[in-house]
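Each residue of the sequence shown is one higher than the one before, counting from 276 in our numbering.
A virtual CB, placed ideally from N, CA and C, is assigned to each residue, including glycine.
As structure tokens, the structure follows; a few thoughts come after it.
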Amino acid sequence: MKILVLGSGAREHAIILALRAEEADHELFAAPGNAGIAQDATVVSLDANDPASVTSYALEYGIDLVVVGPEAPLIAGVADRLRESGVPVFGPGKAAAALEGSKAFAKRIMDAAGVPTGRAVRAGSVTEVTAALDEFGAPYVVKADGLAAGKGVIVTSDRDEAVAHAEAYLPSGPVLIEEFLAGPEVSLFFLADGDTVRPLSPAQDFKRAGDGDEGPNTGGMGAYSPLPWLAEQFGSEAAFVDEVTERIALPVIRELDRNGTPFIGLLYAGLILTEDGIKVIEFNARFGDPETQVVLPRLVTPLSELLLAAAVGTLEDEPCPEFSDAKAVTVVLASEGYPTNPVTGREIHGLASAAEVPGVHIAHAATSDQGALVATGGRVLNVVATGDTFTAARDAAYAAIERIELAGSHYRHDIAARVATD
Ligand code: AMP
Ligand code: GLY
């Protein structure tokens with residue numbers, strides 16, 4: 276197949292590596308890509324957020340499937356235009372992508388579908404904000420309604436900080452004040468074709484910048500998959516996945532279909548396992564980053580077949596995606612100053628040596644080849660390791676990351692530490 280992947284991060288690199296790993300010899304294209312992606316796909320210069328450019332490229336070059344990585348092209352209507360032009364595309368239209376783009380829309384769909392989530396109040400003024408904060412009590416959860424590049428949510432016990440966060444976003448519209456939910460978080464991805472879903476394997480993301488979940492929220496500093504502790508709580512990972520499928524993913528997909536906004540693409544359920552059961556923290560309309568980097572290396576079923584079946588509405592005919600027993604861990608190498616003020620433009624060295632550690636591969640997140648390899652963003656590289664045990668995978672990932680040189684860079688030291696008991 277000729278497959279075009281839109282996006283430029285480690286998630287897109289992971290998708291491309293999974294497509295490369297298939298027996299089928301695909302022709303892979305990426306826009307805009309990065310220096311790592313350029314080693315595994317043909318990078319094409321085109322504006323991934325422009326529906327007209329992407330569609331004319333896909334038609335001109337006979338692309339069989341477009342896979343949309345990040346949310347921005349979805350919100351810009353790239354998938355709508357491709358679908359109208361008859362190009363199979365894995366990614367929801369603009370209206371369904373509002374499940375990620377608008378937290379208020381997501382809450383409405385969840386309410387209508389009877390899906391368990393935290394209680395939330397929309398507040399349009401400081402008076403409404405303080406009233407809602409006092410009603411819920413500390414810790415306070417304040418969320419901007421629209422896309423805010425991972426910076427829209429604050430969880431804090433400091434009431435003044437919660438009010439200040441709300442005040443920063445109020446000029447652009449109401450904010451959500453939400454009930455605080457306590458418990459471990461799980462990311463579970465579903466392929467969806469408008470009315471059927473197929474689950475992938477669960478993963479856990481590490482959102483805070485520092486060890487021990489200290490510091491500010493980030494896009495994600497590491498991840499691992501599978502989650503062995505789910506079996507203790509639910510009997511098996513499959514039982515957990517079934518429960519989320521029946522109680523959360525299918526009701527939401529059906530509600531979106533009833534709403535006239537069918538969801539075709541990746542439904543990312545961000546879940547929290549509270550004492551009162553599984554609740555949804557958020558939905559995203561695309562693969563998670565960095566969770567994809569640990570889920571896809573374990574996928575045994577050819578990814579292209581699943582993505583195409585979702586795109587053309589034949590997921591029902593596909594078997595459930597199968598996963599290996601391998602344990603996968605990824606650690607993100609971030610630039611100095613990330614997430615507040617990342618320093619970019621510095622050279623990266625030692626990648627070849629890092630990739631020589633057995634079981635390790637590198638997914639590029641923000642790199643550019645300028646003679647030397649240079650960091651171009653906050654999250655720069657994902658060191659991914661697979662092994663028979665979490666201890667083996669973790670040791671390999673950390674041995675590899677230590678071989679990489681990027682001045683001022685930092686990474687978390689406790690990714691998957693909890694499960695590395697084997
Ligand atoms: P979101 O962008 O909605 O995924 O929120 C980012 C992070 O904030 C989540 O991964 C959680 O760690 C935390 N968070 C969001 N909502 C809540 C909540 N209601 N209770 C506790 N933590 C939350
Ligand atoms: N890892 C969090 C996200 O992709 O939104």
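Secondary structure at residue i, three-state DSSP: helix, strand or coil?
i	result
Ala542	It is worth fixing the name first, because residue 542 is Leu in this sequence and not Ala. It is a strand residue.
Ile429	strand
Ala623	Checking the sequence shown, residue 623 turns out to be Ile, not Ala. Looking at Ile623 - three-state DSSP - the assignment turns out to be coil, as it is neither helix nor strand.
Val555	strand
Ile291	helix
Arg473	strand
Asp697	coil
Ile690	coil
Thr661	strand
Ile547	strand
Thr317	strand
Glu597	coil
Asp480	strand
Leu648	strand
Val343	strand
Arg654	strand
Ala327	helix
Whose C-beta lies closer than 7 Å to the C-beta of residue i among residues of the same chain, with five residues either side of it excluded?
i	result
Gly588	Asp468 and Gly469
Pro526	Ala388, Gly389 and Val390
Ile539	Pro367, Ala467, Asp468, Gly469, Ala585 and Ala586
Ala671	Val632, Pro633, Gly634, Val635, Ala660 and Gly662
Glu489	Arg483
Pro614	Ala484, Pro491, Thr493 and Gly653
Ser360	Thr330 and Leu334
In terms of residues, what are the limits of the alpha helix (DSSP H) holding residue i?
i	result
Lys602	Per DSSP, Lys602 belongs to no alpha helix (DSSP H); it is in the beta strand (DSSP E), Lys602 to Ala609.
Glu631	It is not in any alpha helix (DSSP H) - Glu631 carries neither H nor E in the DSSP assignment.
Ile338	Note, Ile338: premise wrong, no alpha helix (DSSP H); not H, not E.
Phe665	Phe665 to Ile676
Ile350	Glu346 to Ile350
Leu466	Careful: Leu466 lies outside any alpha helix (DSSP H), inside the beta strand (DSSP E) at Glu460 to Asp468.
Arg434	Arg434 to Tyr444
Leu583	Leu578 to Val587
Val618	First-last for Val618: undefined, no H or E at that position.
Val450	Where Val450 is concerned, there is no enclosing alpha helix (DSSP H), although the beta strand (DSSP E) it sits in stretches over Val450 to Glu453.
Val570	Thr567 to Val570
With distances taken between CB atoms, is the gap from residue i to residue j smaller than 8 Å?
i	j	result
Gln637	Gly311	Reading off the sequence, residue 637 comes out as Ile, not Gln. Cβ atoms of Ile637 and Gly311: closer than 8 Å.
Tyr415	Ala691	no
Leu502	Ala524	no
Thr567	Ile290	yes
Val659	Pro577	no
Thr405	Val438	yes
Phe598	Ser432	no
Ala640	Asn657	yes
Ala478	Val569	yes
Val375	Ala603	A small correction: the amino acid at residue 375 is Glu; Val does not occupy that position in the sequence shown. The answer is no: Cβ separation not under 8 Å.
Glu244	Gly344	Outside the displayed range of the chain (276 to 697) lies residue 244, so it cannot be described from this structure.
Leu451	Arg434	no
Ala441	Ala398	yes
Leu292	Val341	no
Thr549	Leu456	yes
Thr664	Gly497	no
Determine the extent of the beta strand (DSSP E) in which residue i is found, giving its start and end residues.
i	result
Arg483	Arg483 to Gly485
Asp644	Thr642 to Gln645
Tyr234	One cannot answer for residue 234 here, as it falls past the ends of the chain, which runs 276 to 697.
Leu279	Lys277 to Gly282
Leu307	A small correction: the amino acid at residue 307 is Pro; Leu does not occupy that position in the sequence shown. Pro307 -> beta strand (DSSP E) spans Glu302 to Pro307.
Glu680	Here Glu680 belongs to no beta strand (DSSP E), and DSSP marks it neither H nor E.
Asn492	Glu489 to Asn492
Using a Cβ-Cβ cutoff of less than 6 Å, which residues in the same chain neighbour residue i once the five nearest sequence positions on both sides are dropped?
i	result
Arg295	Asp315
Ala370	Thr536
Glu680	His624 and Gly625
Asp644	Ala310
Ser328	Leu321 and Asp322
Ala601	Arg573 and Thr661
Ala629	Ala675, Arg678 and Ile679
Beta-carbon of residue i versus every beta-carbon of chain C: anything under 8 Å?
i	result
Gly421	Given the protein chain composition of this structure (a single chain), no chain C is represented.
Return the chain-ordered list of same chain residues with a C-beta closer than 8 Å to the C-beta of residue i, the five sequence neighbours on each side being excluded.
i	result
Val519	Leu463, Pro474, Ala544, Leu546 and Ile553
Glu454	Gly393, Arg394, Ala395, Phe411 and Val416
Continuous beta strand (DSSP E) assignments of at least 3 residues falling wholly in the segment 352-425
395-398 and 415-419
Extract the residue ranges of the alpha helix (DSSP H) inside the segment 505-535, only unbroken runs of 4 or more that lie entirely within it.
As far as the segment 505-535 is concerned, its whole alpha helix (DSSP H) runs of at least 4 residues are 512-519 and 525-533.
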